[in-house]
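Peer 1: Here's a structure for you.
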Amino acid sequence: MKKAIQIVTAEEAKSLKSMTWMNILRYMFDSAPNGFLILVLWELFKPQPALSTTKLIWLIVGMVIIFGINVMLSRTAYTKMHVTAYNLIAEARLRLGEHLRKLPMSFYKTRDPGDITALMLQDMDKVEIVFSHNYHDVIAAIVTPLVTLVFLFFVDWRMALAVIVTVPLALPVLALSQKVIAYFGEKQIAARNESISRMLEYVQGIQDIKAFNMTGSRFTRLDDSLKSLRDRSIRLEAGIGPLVISYQVMLELSFTAVLLLGSYLLMQGTLTVPVFLIFLVVGYALYRPMQALAAFLAGMRFMNVAAERILKVMAEKPLPEPVASKAPQSFDIEFKNVTFRYGENDVLRDVSFKTPVNSMTALVGPSGSGKTTITNLIARFWDVNEGELLVGGANIKELTTESLLASISVIFQDVYLFHDTVYNNIKVGKPDASFEEVVAAAQAAQCHEFIVELSDGYETMVGEGGSTLSGGEKQRVSIARAILKDAPIILLDEATASLDPENEALIQQAINDLVKSKTLIIIAHRLSTIVEADQILVLEKGRIVERGKHDELLKIGGLYTHLWTQQTRARGWKFGSGRKEMAAAPS
Numbered sequence: 008m009k010k011a012i013q014i015v016t017a018e019e020a021k022s023l024k025s026m027t028w029m030n031i032l033r034y035m036f037d038s039a040p041n042g043f044l045i046l047v048l049w050e051l052f053k054p055q056p057a058l059s060t061t062k063l064i065w066l067i068v069g070m071v072i073i074f075g076i077n078v079m080l081s082r083t084a085y086t087k088m089h090v091t092a093y094n095l096i097a098e099a100r101l102r103l104g105e106h107l108r109k110l111p112m113s114f115y116k117t118r119d120p121g122d123i124t125a126l127m128l129q130d131m132d133k134v135e136i137v138f139s140h141n142y143h144d145v146i147a148a149i150v151t152p153l154v155t156l157v158f159l160f161f162v163d164w165r166m167a168l169a170v171i172v173t174v175p176l177a178l179p180v181l182a183l184s185q186k187v188i189a190y191f192g193e194k195q196i197a198a199r200n201e202s203i204s205r206m207l208e209y210v211q212g213i214q215d216i217k218a219f220n221m222t223g224s225r226f227t228r229l230d231d232s233l234k235s236l237r238d239r240s241i242r243l244e245a246g247i248g249p250l251v252i253s254y255q256v257m258l259e260l261s262f263t264a265v266l267l268l269g270s271y272l273l274m275q276g277t278l279t280v281p282v283f284l285i286f287l288v289v290g291y292a293l294y295r296p297m298q299a300l301a302a303f304l305a306g307m308r309f310m311n312v313a314a315e316r317i318l319k320v321m322a323e324k325p326l327p328e329p330v331a332s333k334a335p336q337s338f339d340i341e342f343k344n345v346t347f348r349y350g351e352n353d354v355l356r357d358v359s360f361k362t363p364v365n366s367m368t369a370l371v372g373p374s375g376s377g378k379t380t381i382t383n384l385i386a387r388f389w390d391v392n393e394g395e396l397l398v399g400g401a402n403i404k405e406l407t408t409e410s411l412l413a414s415i416s417v418i419f420q421d422v423y424l425f426h427d428t429v430y431n432n433i434k435v436g437k438p439d440a441s442f443e444e445v446v447a448a449a450q451a452a453q454c455h456e457f458i459v460e461l462s463d464g465y466e467t468m469v470g471e472g473g474s475t476l477s478g479g480e481k482q483r484v485s486i487a488r489a490i491l492k493d494a495p496i497i498l499l500d501e502a503t504a505s506l507d508p509e510n511e512a513l514i515q516q517a518i519n520d521l522v523k524s525k526t527l528i529i530i531a532h533r534l535s536t537i538v539e540a541d542q543i544l545v546l547e548k549g550r551i552v553e554r555g556k557h558d559e560l561l562k563i564g565g566l567y568t569h570l571w572t573q574q575t576r577a578r579g580w581k582f583g584s585g586r587k588e589m590a591a592a593p594s
């Protein structure tokens, strides 16, 4: 339970404390009728003097009063418990989401999306269930027997000891069952997370999976993960089942002790029949909540494993933020001897360049040369390992993430659209934008025409990831977002390489409207689109090997010339009848 409490804030823990005391008070009153039952049985079976009607009436009135108080307490405690629990977990989920937002992208490089999904959903659900249900069940399973036991000790301490004689033997079995749950539960949760990851992979890759006829059990990664989850779930139940049953049987053995001791004391004349009946009726009822304790504690142990996973993620260090908020004074970008590495591998080595305000810098080079890494560092998805990255003359680490990203629009090559309307997807760029502003941005991005032709126009749902739109349409919606945001710095991963000529022309026109009077850094896949760039940086193996304008680089005859020649030849390549024809037809 300590792990779960660590997830909530100190202020929230106070409300949890008040909820605990209210539930303790509730179950104390809940147990009071057992005491009145003892007194009523005592009066009914007492031989002398004659049955006192007045006393019985007062006992019944007392029971009614206690019952009324218990109803009010139960209602208040029940409401407070659930409202508190759901508020606690809602806030914890928001804190976790905010923490995940602040983590560097290196965290996500080492995590499976399914694992993070399980963390946000299943693990948080387990903590929520404990706070909203199991927590008060455990309180009931402890308080109710204790209060009842106090009444029984007042009646006859010898018989009360018999009621709990096997409890010291049962508790070690209960403790052992919790250790078994922790051991097998951790493995079962790991198998669950793996199966969630494979399910996500299956759904996201269903097109390729169908194309290669790998659906159903033929997709062995999913099949194996589900079988592993089944096996580990069975092992978990097989491991704890015998222990839980043993614990429950040991508790009930105390009832045998009550029968034996009660019979012996009756024969000795040191125990009356009413007292014996009291222990038979009330004593047996005392075991029920104690037996249920095993199941409730099992749920809490599962929660403990889930809470540990959440706390591990919460312990991950986010990118450091400056104490004082600072905004860029201008929008030039400068790399000073920047080195960046993933693990032990250098991705960028001693990179230096400057992009003046309102200029265009193009990044070109072979795959894996570090182009995307440069744009990721500017957006501060990672921090540099060595050197300095300056925006407006200020070290990027001195800028708050909020002020930095408010100055940047990023257009990724692989566009992601949310499962929402086209209108809301464009509004991501400026959440408080008016409808007229959204339409104006869509028109500038060359996507207004296809949007109005959709079934519900701007209110059309686009599907998860924008699945109902073509690649070119998604790109234009993404550009509309950037136009609406109107940030002074544009980071553009050009995506025209795989588009049809019509979409390419429309996107190129939209980009031209977007980048006017902006500081633009573009990852170029088609060199013909950057011939007018103010500077071109040619990267290879994480280093800048050439820099200059288009004509200057062609004169050097280096890597840029080689890439230009390759693309020029590729544009003339076509299929023939069993042969390929090459035609050098530069654009």
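Quick note: the sequence shown uses this note's numbering, first residue 8, plus one each step. Positions of the beta carbon are idealized from the N, C-alpha and C atoms, including for glycine. Predicted model only: the values in this text are computed from it and were never measured.
Between the segment 140-156 and the segment 291-310, do at least 3 Cβ pairs fall closer than 8 angstroms?
Peer 2: As far as the Cβ criterion goes, the segment 140-156 touches the segment 291-310, which means the pair count is three or higher.
Peer 1: Identify which residue in 338, 96, 185 and 426 has its Cα closest to the Cα of residue 406.
Peer 2: Nearest option by C-alpha distance: 338.
Peer 1: Check whether the Cβ atoms of residue 205 and residue 239 lie closer than 8 angstroms to each other.
Peer 2: Cβ atoms of residue 205 and residue 239: not closer than 8 angstroms.
Peer 1: Kindly indicate the opening and closing residues of the beta strand (DSSP E) around residue 293.
Peer 2: Taken as a continuous stretch (DSSP letters only), residue 293 belongs to no beta strand (DSSP E), being part of the alpha helix (DSSP H) at 280-321.
Peer 1: Looking at the unbroken beta strand (DSSP E) that takes in residue 526, where does it start and where does it end?
Peer 2: Its beta strand (DSSP E) spans residues 526-530.
Peer 1: Which residue from 517, 417 and 355 puts its Cα closest to that of residue 395?
Peer 2: Ranking the options by Cα distance to residue 395, first place goes to 355.
Peer 1: Does the segment 515-532 come into contact with the segment 363-377, if we say contact requires no fewer than three beta-carbon pairs (one atom in each stretch) closer than 8 angstroms?
Peer 2: With a cut-off of 8 angstroms, the segment 363-377 and the segment 515-532 count as touching, because enough Cβ pairs lie within range.
Peer 1: To the nearest angstrom, how far is the alpha carbon of residue 202 from that of residue 209?
Peer 2: Taking the straight line joining both Cα atoms gives about 10 angstroms.
Peer 1: If you drop the 5 nearest sequence neighbours on each side, which residues of the same chain put their C-beta closer than 6 angstroms to that of residue 451?
Peer 2: The residues are 490 and 520.
Peer 1: Give the secondary structure of residue 348 by DSSP, where H, G and I count as helix, E and B as strand, and everything else as coil.
Peer 2: DSSP places residue 348 in strand when its eight states are reduced to three.
Peer 1: Run the CB neighbour count on residue 26, radius 10 Å, all protein chains shown included, and call it buried at 16 or more, exposed below.
Peer 2: Buried, because 16 or more other Cβ atoms sit within 10 Å of the Cβ of residue 26.
Peer 1: Could you please give me the residues that DSSP links to residue 542 through a beta bridge?
Peer 2: In the DSSP output, where bridge partners are listed per residue, residue 542 has 368.
Peer 1: For residue 31, which residues from the same chain have a beta carbon less than 8 angstroms from its beta carbon, with the 5 sequence-adjacent residues on both sides left out?
Peer 2: For residue 31, where only same-chain residues beyond five positions count, the Cβ hits under 8 angstroms are 146 and 150.
Peer 1: Would a C-beta distance cut-off of 8 angstroms place residue 560 and residue 538 closer than the cut-off?
Peer 2: Not a contact, by the Cβ cut-off of 8 angstroms.
Peer 1: Between residue 67 and residue 130, what straight-line distance do the alpha-carbon atoms span, to the nearest angstrom?
Peer 2: Taking the straight line joining both Cα atoms gives about 47 angstroms.
Peer 1: Nearest to residue 178 by CA position, among 404, 438, 248 and 254, is which residue?
Peer 2: Checked all of 404, 438, 248 and 254; the closest Cα to residue 178 is 254.
Peer 1: Inspect the beta-carbon positions of residue 169 and residue 261 and report whether they are closer than 8 angstroms.
Peer 2: Their beta carbons are under 8 angstroms apart, which means residue 169 touches residue 261 by this criterion.
Peer 1: Given a cut-off of 8 angstroms, decide if residue 408 and residue 323 are closer than it, judged by their beta-carbon atoms.
Peer 2: Result no, Cβ atoms of residue 323 and residue 408 do not sit closer than 8 angstroms.
Peer 1: Alpha carbon to alpha carbon, how far is residue 83 from residue 200?
Peer 2: Their backbone Cα atoms lie some 37 angstroms apart in a straight line.
Peer 1: Please classify residue 582 as buried or exposed, where buried requires at least 16 other C-beta atoms within 10 Å of its C-beta.
Peer 2: The predicted position of residue 582 is uncertain, since its pLDDT is 48 and thus under 50; no value can be drawn from it.
Peer 1: Would you give the residue range spanned by the alpha helix (DSSP H) that residue 157 belongs to?
Peer 2: Unbroken alpha helix (DSSP H) run through residue 157: 142-162.
Peer 1: Between residue 351 and residue 112, what straight-line distance do the alpha-carbon atoms span, to the nearest angstrom?
Peer 2: Answer to the nearest angstrom: the Cα atoms are 16 angstroms apart.
Peer 1: So, helix, strand or coil for residue 380, using DSSP?
Peer 2: DSSP places residue 380 in helix when its eight states are reduced to three.
Peer 1: Please work out which residues of its chain come closer than 6 angstroms, Cβ to Cβ, to residue 233, disregarding the five sequence neighbours upstream and downstream, and give them in chain order.
Peer 2: Within the same chain, residue 233 has close Cβ partners 202.
Peer 1: What residue range is occupied by the uninterrupted alpha helix (DSSP H) comprising residue 466?
Peer 2: Per DSSP, residue 466 belongs to no alpha helix (DSSP H) and is neither H nor E.
Peer 1: Between the alpha carbons of residue 243 and residue 415, how many angstroms are there, rounded?
Peer 2: The alpha-carbon atoms of residue 243 and residue 415 are separated by roughly 50 angstroms.
Peer 1: Alpha carbons only, please: which of 71, 80 and 72 is nearest the one belonging to residue 34?
Peer 2: Ranking the options by Cα distance to residue 34, first place goes to 80.
Peer 1: Where DSSP assigns a beta bridge to residue 402, which residues make up the other side?
Peer 2: 397.
Peer 1: Note down, one range per segment and in chain order, each alpha helix (DSSP H) of at least 4 residues found wholly within the segment 245-278.
Peer 2: The qualifying runs do not exist here; there are none.
Peer 1: Which residue marks the beginning of the alpha helix (DSSP H) containing residue 446, and which one marks its end?
Peer 2: Here the alpha helix (DSSP H) through residue 446 covers 442-451.
Peer 1: Would you kindly work out how many angstroms separate the C-alpha atoms of residue 158 and residue 311, rounded to a whole number?
Peer 2: For residue 158 and residue 311, the distance between alpha carbons rounds to 35 angstroms.
Peer 1: What does a CB cutoff of less than 6 angstroms around residue 549 pick up in its chain, not counting 5 residues either side in sequence?
Peer 2: The answer, listed in chain order, is 353, 354, 355, 356 and 377.
Peer 1: As a quick exercise: from 297, 388 and 441, pick the residue whose alpha carbon is nearest that of residue 115.
Peer 2: Among 297, 388 and 441, the Cα nearest to that of residue 115 is on 388.
Peer 1: Can you name, in chain order, every residue of its own chain whose Cβ lies under 8 angstroms from the Cβ of residue 117, other than the five neighbours on each side?
Peer 2: Counting only Cβ-Cβ distances below 8 angstroms, and skipping sequence neighbours, we find nothing.
Peer 1: Just how far apart, CA to CA, sit residue 187 and residue 474?
Peer 2: Roughly 45 angstroms between the two C-alpha positions.
Peer 1: What is the C-beta distance between residue 297 and residue 258, in whole angstroms, given that I count them as a contact (C-beta under 8 angstroms)?
Peer 2: 6 angstroms between Cβ atoms; contact.
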